[in-house]
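Engineer:
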Amino acid sequence: MKKFENKIAVITGGNSGMGYGTAKLLRELGATVVITGRRQEAIDLAAKELDVHAILSDQGKLEDIDHLVSEVTEKFGKVDILFINAGISGTSSIELETPESFDKMINVNFRGVYFTLSKFIPHLNDGASVVLLSSVLASTVSPGLAVYSASKAALNAVMKTAALELAPRKIRVNAISPGAIDTELFGKMGMDKATLAGMTDYLISLTPIGRIGKPKEIGQLVAFLSSDEASFITGSEYTIDGGSTLL
Ligand SMILES: NC(=O)c1ccc[n+]([C@@H]2O[C@H](COP(=O)([O-])OP(=O)(O)OC[C@H]3O[C@@H](n4cnc5c(N)ncnc54)[C@H](OP(=O)(O)O)[C@@H]3O)[C@@H](O)[C@H]2O)c1
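According to our numbering, the sequence shown holds residues 56 to 302 in order.
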């Protein structure tokens, strides 16, 4: 019997990057996996490639979160692994930040994470695992990333409160804070190929282990945190960054 046979896993933002890598691994380990995303074509393609289920749902819209929760519970019942991963990035100095781009980032990265967690709580099995995708930027500083950093720091605070509130049901809540991981996130920030390559080299130079991370490595950590081996771990933030925060 596979490790996650008969387990239901929901992963927000599963059509690329870490969500995709994690969906692939959890499926290989036997879980029934549901992924979400904002683009029907992209989630359908990923679902086909991975042999998982796809539900169109924008984490930035409360009505979409409600729809996701009702679809999942109707079709699959209660959830065992909830990986709230979807997030966006963007840069602006504090001086030049606009209310629109501030709201967009906070809406997806914080408000959307919060209400995805909140609305799934009644539909989690006792003993379930919740993992929030944070960032090393929640506790480090980079010019131009104030709102992104704040959105992830806020999420870490919620993670700890949720761990306490849900402990009586043996539901564990943890956060993963990656350093640089090789995903489509940077491309979505509007950089051209040359700038992207330059940034990857720069990020590698800041990483003692000498490379950037792979989406699968995030999946392996989600799988560990959601396994019985981690049954005493809750309220913790796991840094996975090749040592970059040591510098
Ligand atoms: N890559 C890194 O180095 C890094 C480091 C630390 C933390 N993170 C965090 O890791 C998480 C995953 O990012 P990634 O690097 O794997 O990037 P990615 O390849 O862009 O994946 C993000 C996923 O989330 C989806 N998504 C974005 N906004 C959404 C929304 N409003 N509703 C539903 N789905 C949405 C994307 O779908 P679309 O195709 O529709 O955009 C995509 O499937 C994010 O929370 C990010 O902040 C990334």
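Positions of the beta carbon are idealized from the N, C-alpha and C atoms, including for glycine.
Computed from a prediction, not measured in an experiment: that's the story for all the values here.
1. Is it true that the CB of L200 sits closer than 9 angstroms to the CB of V185?
2. For the 8 angstroms Cβ check, are there 3 or more pairs between the segment 224–232 and the segment 188–196?
3. Using the C-alpha atoms, what's the distance from S189 back to E118?
4. State the CB to CB distance for the pair G242 and I264, rounded to an integer number of angstroms; the pair is presumed to be in contact (CB under 8 angstroms).
5. On the DSSP bridge list, what partners appear for L111?
6. Once DSSP output is grouped into helix, strand and coil, what is the label at L302?
7. Confirm the yes/no value for this check: CB of N140, any heavy atom of ligand 1, distance under 8 angstroms.
8. Could you pull out every unbroken beta strand (DSSP E) segment of at least 3 residues lying fully inside the segment 164–196, listed in chain order?
9. Please classify R94 as buried or exposed, where buried requires at least 16 other C-beta atoms within 10 Å of its C-beta.
10. Compute the Euclidean distance between the alpha carbons of Q114 and V163, then round it to the nearest angstrom.
11. Could you give the residue range of the beta strand (DSSP E) that holds I295?
12. Below 8 angstroms, is the gap between the Cβ of K243 and the nearest heavy atom of ligand 3?
13. Measuring only from the beta carbon, is G69 closer than 8 angstroms to any heavy atom that is part of ligand 1?
14. Using beta carbons (cut-off 9 angstroms, strictly below), is M160 in contact with chain C?
15. Roughly how many angstroms lie between the CA atoms of E96 and D247, to the nearest whole one?
16. In chain order, what residues of the same chain have a beta carbon less than 7 angstroms from the beta carbon of T238, not counting five sequence neighbours either side?
17. My assumption, with CB atoms under 8 angstroms, is that L80 sits in contact with A208. Please give the rounded CB distance.
18. Name the residue from L301, V202 and S281 whose alpha carbon lies nearest to the alpha carbon of S55.
19. Would you identify the three-state DSSP class for D135, choosing helix, strand or coil?
20. Do the CB positions of V213 and V134 come within less than 9 angstroms of each other?
21. Give the range of the beta strand (DSSP E) segment to which R227 is assigned.
22. Would you identify the three-state DSSP class for A86, choosing helix, strand or coil?
23. Is A235 close to ligand 1? I mean its beta-carbon at under 8 angstroms from any heavy atom of the ligand.
Structural biologist: The answer reads as follows:
1. No, they are not a contact pair.
2. Contact between the segment 224–232 and the segment 188–196 is present: three or more C-beta pairs spanning the two stretches fall below 8 angstroms.
3. Cα to Cα, the separation comes out at about 23 angstroms.
4. About 23 angstroms; that fails the 8 angstroms criterion.
5. Beta-bridge pairing by DSSP links L111 to G92.
6. Three-state DSSP puts L302 in coil, outside helix and strand.
7. Correct: N140 has its Cβ closer than 8 angstroms to ligand 1.
8. Qualifying beta strand (DSSP E) stretches, in chain order: 179–188.
9. Exposed, since its Cβ has fewer than 16 Cβ neighbours within 10 Å.
10. Per the coordinates, the alpha-carbon of Q114 lies some 6 angstroms from the alpha-carbon of V163.
11. If you look at I295, you'll find it in the beta strand (DSSP E) that goes E292 to I295.
12. This structure simply doesn't include ligand 3; it includes ligand 1 instead.
13. Within the cutoff, so yes.
14. The structure shown has no chain C; it contains just one protein chain.
15. Spanning the alpha carbons of E96 and D247 requires a straight line of approximately 24 angstroms.
16. Only S71, G72, M73 and P270 meet the Cβ criterion.
17. Actually they are not in contact, since the Cβ atoms of L80 and A208 sit about 27 angstroms apart, beyond 8 angstroms.
18. There is no way to answer for residue 55, as the model of the chain reaches only from 56 to 302.
19. Assigned with DSSP and collapsed to three states, D135 falls in strand.
20. Not closer than 9 angstroms, so no.
21. From DSSP, the beta strand (DSSP E) with R227 extends over R227 to P233.
22. The answer is coil: DSSP assigns A86 none of H, G, I, E or B.
23. Checking the Cβ of A235 against ligand 1 gives yes.
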